[in-house]
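Worksheet for the structure shown next.
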Amino acid sequence: MPGTGLDRRAFLRAAGLGALALSASACTGFATTGNGGMIFLSTQFRPVDEAEAFRSLLGETVAGVSYVTIEDGPFAGQVRSQIDAGSTQIGLLGGLHGDLAPLADGYLEDVTDLLAGLGDRGWPAEYLELAKAGTGRTWYIPWANASYVLAAHADALQHLPAGADANALTYDDFLDWAIAARRANGNRPMLGLPAGPKGLLHRFTQGYLLPSFTGGQITTFRSREAAKAWEYLRELWANCGPASTTYDFMQEPLETGEVRMAWDHVVRLVDAPERDPRNWRMLPSPRGPHGLGYMAVVAGLAIPKDSTDPDLARRTIDELSKPHTQVELLRSNSFFPAVAAEIPEDLPPAIKLEAEAVKRQQEAADSILSLPPVGLGTREGEVSKVFQDTFRSIVLDRADIRSTLDGQARVLQGILDDLKVPCWAPDPAAERCEVM
103 MPGTGLDRRA FLRAAGLGAL ALSASACTGF ATTGNGGMIF LSTQFRPVDE AEAFRSLLGE
163 TVAGVSYVTI EDGPFAGQVR SQIDAGSTQI GLLGGLHGDL APLADGYLED VTDLLAGLGD
223 RGWPAEYLEL AKAGTGRTWY IPWANASYVL AAHADALQHL PAGADANALT YDDFLDWAIA
283 ARRANGNRPM LGLPAGPKGL LHRFTQGYLL PSFTGGQITT FRSREAAKAW EYLRELWANC
343 GPASTTYDFM QEPLETGEVR MAWDHVVRLV DAPERDPRNW RMLPSPRGPH GLGYMAVVAG
403 LAIPKDSTDP DLARRTIDEL SKPHTQVELL RSNSFFPAVA AEIPEDLPPA IKLEAEAVKR
463 QQEAADSILS LPPVGLGTRE GEVSKVFQDT FRSIVLDRAD IRSTLDGQAR VLQGILDDLK
523 VPCWAPDPAA ERCEVM
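Here is the structure:
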């Protein structure tokens, strides 16, 4: 795990999907640092440098709050055990939607009135709906988000198909672009995808490709539309650099010129434009027959039952939800605003480019919000493996699409039946999450 003294590149190599990790104490899972005051327990910004950057911002924003980090795994158990024992030591909670939603209606305070009192700060309607966790009440206030976008160098942009809008690509446009760029480059592909051992290509299929082609992620997994999506990915893959199966962070082959266009998590692209930002563009992901599917890593702020200081917790949420504070969080920790906020000109060029692309995705009229799996705990990796294995069989090994989807659907359904969890966005939150 990254820590003090590591440079930005070392941190980015170790960064995961939106969740930043720090070793915690063996007994409780808590980080061992804080500054006294009301405990703000959070799964976010866990590396030492990221935690200190946020503590500095927090200290400039509100007094008397101690930011304490905890790993994702023990987070819910820690909250539940304290509340069940009647000895809550926590005042405020911060986490991803998947961390907070399972605690709703039992372990979190209803913050519907707080949201109303904050006024219209421009939260996306989808985020506000997520914060209800399938109920009629609001359980957390959307705090920040991260996402995935396309990065393209001028060398690739010159081969964009005539009439195609780089900020409003369809998947057909994207494929035509990859083909044109390959042909213009002596038949050497210019597109790369993160299909390496630690790459996040499964998030592309989960949150982008399938929602755009089918409108869902789980319930439409084995549909006819899903089969067409996998046929499309086969064709797109034929125009990807052959070394894509080794790429974990796309900024590295983009920097070296090995590829000139790529899709990845914003954290894994940010170094690519650093040397010559004028020759780079960050673009929204493409749209398909159902719309522009995109995955947001949504973080929220919640108040636990029996909070040690509910008034201070509410004031802290208010301050952290203000547009200027959210911009400072973008500057200090590279998490994007969850509210409507003017992106200043003095941000580092790469972050500004990414912020604009993320905003275009969120605000697209046909956007389809997708989430990473919710409520799976330690078994989330098994669901990710279903998508990884499906890609390997259909795209790399060219196995029969229908039989592969049928087989992997049975694996996926078995996991969901064991856990008895509802589906997550963009699928409807039915009592039983059923693979169709």
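Numbering (my numbering), first residue to last: 103 to 538. Note that CB positions come from ideal geometry on N, CA and C, so glycine has one too.
Work out the CA separation of Pro439 and Ala248 for me, nearest whole Å.
Pairing Ala248 with Pro439, the inter-Cα distance amounts to about 9 Å.
How is the alpha helix (DSSP H) around Ile453 delimited, first residue to last?
451-465
Indicate whether Pro528 and Ser472 have their beta-carbon atoms separated by less than 8 Å.
Their beta carbons are under 8 Å apart, which means Pro528 touches Ser472 by this criterion.
For Leu335 and Phe351, I'd like the C-alpha separation in whole angstroms.
20 Å
Locate the beta strand (DSSP E) running through Tyr548, then write down its first and last residues.
One cannot answer for residue 548 here, as it falls past the ends of the chain, which runs 103 to 538.
Please report how far the alpha carbon of Gly309 lies from the alpha carbon of Ala345, in whole angstroms.
23 Å
If you reduce the DSSP assignment to three classes, tell me which class Glu211 lands in.
coil
By Cβ distance below 6 Å, which residues in the same chain neighbour Leu195 in space, the five residues on each side in sequence not counted?
Leu143, Ala404, Pro406
According to DSSP, is Trp526 helix, strand or coil?
Note: Trp526 maps to coil in three-state DSSP.
Can you tell me the Cα-Cα spacing of Tyr229 and Ala235, whole angstroms?
10 Å
What number of angstroms, rounded off, separates the C-alpha of Ile517 from the C-alpha of Pro379?
44 Å
Counted within 10 angstroms of its Cβ, other Cβ atoms place Ala165 as buried (16 or more) or exposed:
Exposed.
Counting C-beta neighbours from all protein chains within 10 Å, is the total for Thr358 16 or more, i.e. buried, or is it exposed?
exposed
Gly224 in three-state terms, based on DSSP:
coil
Please report the straight-line C-alpha distance between His255 and Asp207, rounded to a whole angstrom.
47 Å
Quick one: what does DSSP say Tyr242 is sitting in, helix, strand or coil?
Tyr242 falls in the coil class under three-state DSSP.
Tell me the DSSP secondary structure of Ser125 in three-state form.
Since pLDDT at Ser125 reaches only 27, below the 50 mark, its modelled position is unreliable, and the value read off the structure follows with that caveat. In the displayed model, Ser125 falls within coil according to three-state DSSP, outside both helix and strand.
Ser325 burial status per 10 Å Cβ neighbour count (16 or more: buried)
buried
Buried or exposed: which applies to Asp174, given that a residue is buried once 16 or more other Cβ atoms fall within 10 Å of its Cβ?
buried
Assuming contact is defined by CB atoms lying nearer than 8 Å, are Trp365 and Ile496 in contact in what I supplied?
Not closer than 8 Å, so no.
Runs of beta strand (DSSP E) lying entirely within the stretch 281-307, each at least 3 residues, in chain order:
none
Here's the rule I'm using: 16 or more other beta-carbon atoms within 10 Å means buried, otherwise exposed. How should His426 be labelled?
exposed
Measuring straight from C-alpha to C-alpha, what distance separates Leu356 and Leu303?
16 Å
Coil, strand or helix - Leu371 by DSSP:
Assigned with DSSP and collapsed to three states, Leu371 falls in coil, not helix or strand.
Arg383 lies in the beta strand (DSSP E); which residues open and close that run?
382-385
Roughly how many angstroms lie between the CA atoms of Leu394 and Ala452, to the nearest whole one?
So the two alpha carbons sit approximately 23 Å from each other.
For Arg362 and Ile141, I'd like the C-alpha separation in whole angstroms.
Counting only the Cα atoms, Ile141 lies some 45 Å from Arg362.
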